[in-house]
Amino acid sequence: MPEAVLEQLYKLTPMEESFGINNVALVDGQPLTLGLKELLEVYLDHRFNVVRRRSEFRRGKRRDRLHLVEGLLTALVDIDEVIRLIRSSENSAQAKERLIERFSLSDIQTQYILDTPLRRLTKYDRIELESEKDRLNTEIEELTRILDSDAELRKLVSTELAAVAKKFGNDRRTLLLESAGTPAAVVPLQVADDPCRVLLSSTGLLARTADNEPLADDGKRVKHDVIVSAVPATARGEIGVVTSAGRLLRLNVVDLPQLPEAMPTPNLSGGAPLTEFVSLDDDEQVVCLTTLDESSPGLALGTEQGVVKRVVPDYPSNREELEVITLKEGDRIIGAIELRTGEEDLVFISDDAQLLRYPAAQVRPRAARRAV
């Protein structure tokens, strides 16, 4: 069985090896050898420091802006007096001194008032300034809460790291599997003939699930990759692979990689390329998977030149390859699906946006050719 062969390959070849890693990193300017736990702790300390300094900087900027806004609001309370003092002053230095003395403003606030055009000192700008003052006070309170609470700081860092993981993270290219640590059995391993589903993705990956439960659709999958075909099977059974050249190829389910049971939504990043199991011509593609169950209503096929065929599932067990449809030169299968009840409707859309729909029962079932 493949599992027994794989176990021997792990044991007797370099396919599986253990090796050490010397993680040397600079910590506070000193080179240190760190384990995985220490690496994560040093990185988290760095993130805490970055977020703390960032929050202090942002709070300082907002306090500076709030100071200027409060000065403008003070001037707007008695704008006529402000204008009179400025106009009656000999120069800007005298105007600054008189404003500081009259309104108890700081040097920075006074200079900002002198630099502000009169057109901004209206009742509408006062409303905007009051709104900005409230917003700045709220932001300063939030930043102060983060800086004063280690728990809030850790919560913010955790949220930011989770956002980074969601945006840039991807699935493992290999699966982590649990092992009992026992040596390979002398007797070839036997695989239980349990129900499962065989899945095909749009990028040509094949895999089988650990059970025959309905597929979930609310989990995370690889971007631009969808499941284009899924058929029920058993772990030691066979399925058919239908190609665009009109061929049906038999495939042993036990040879396919099995997805972990803990995975709620099938993610075929743990699958294997289709080309590892079947040989295809350069311009040939797989269009669907099908069961080989004789009780099934069979296959419905549609070609590029408009030929429609229903195939009776009386496939001979002694043939690894069958021709399910005879194609004219230049024609190819562009759509195929296994019927579940035989009562389904077939829908075809032409290249000029025309739609044709009729019952599958109207198409007379025909047998596949016995051999290619």
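Numbering follows the UniProt record's numbering, with no gaps: position 132 of the sequence shown is 132. All C-beta atoms, glycine included, are put in the ideal place defined by N, C-alpha and C.
- With 16 or more other CB atoms across the displayed protein chains lying within 10 angstroms of its CB, Glu338 is buried.
- Judged by DSSP secondary structure, Gln94 falls outside any beta strand (DSSP E) and instead within the alpha helix (DSSP H) spanning Ser92 to Phe103.
- For the pair of segments examined, the region 267 to 274 was found to touch the region 162 to 175: the number of CB pairs separated by less than 8 Å reaches three.
- For Gly71, the uninterrupted alpha helix (DSSP H) run begins and ends at Leu36 to Val77, by DSSP.
- Only residues of its own chain outside the window of five on either side were considered, and among them none has a CB closer than 7 Å to the CB of Lys166.
- Annotated three-state conformation of Val231 is strand, per DSSP.
- As DSSP reads the structure, Arg84 sits in no beta bridge.
- Proximity of the region 57 to 74 to the region 109 to 121 meets the contact definition, three or more beta-carbon pairs being nearer than 8 Å.
- Ranking Glu344, Ala353 and Glu41 by CA distance to the CA of Arg154 puts Glu41 first.
- With a contact defined as Cβ atoms closer than 8 Å, Leu280 and Ala336 miss out at about 15 Å.
- DSSP places Tyr358 within a strand segment (E or B) once states are collapsed to three.
- Annotation for Ile86: Ala95 place their beta carbon closer than 6 Å to its own, counting only its chain and skipping 5 residues before and after.
- Between Thr291 and Val363, the beta carbon gap of about 19 Å keeps them out of contact (Cβ cut-off 8 Å).
- Counting the other CB atoms within 10 Å of its CB gives Val241 a total of 16 or more, which places it among the buried residues.
- Cβ-Cβ separation between Thr303 and Asp331: approximately 5 Å, consistent with a contact (criterion under 8 Å).
- Under the criterion of beta carbons closer than 8 Å, Tyr315 and Leu206 do not qualify as touching, at roughly 20 Å.
- Distance from the CA of Leu99 to the CA of Lys133, rounded to the nearest whole angstrom, comes to 22 Å.
- Of the candidates Arg340, Gly342, Ile325 and Ile333, the residue whose Cα lies closest to the Cα of Phe348 is Ile333.
- Boundaries of the alpha helix (DSSP H) around Thr159: Asp150 to Phe168.
- Leu199 is bridged by DSSP to Ala207 and Ala230.
- If you draw a straight line from the Cα of Thr326 to the Cα of Leu12, it comes to about 48 Å.
- Counting only runs of 4+ residues, no alpha helix (DSSP H) is found wholly inside the region 3 to 35.
- In this structure, the CA atom of Leu6 is about 16 Å from the CA atom of Glu276.
- In the DSSP secondary-structure assignment, Val286 is bridged to Thr243.
- Less than 8 Å separates the beta-carbon of Val311 from that of Arg366.
- Rounded to whole angstroms, Arg250 and Lys309 show a C-alpha spacing of 20 Å.
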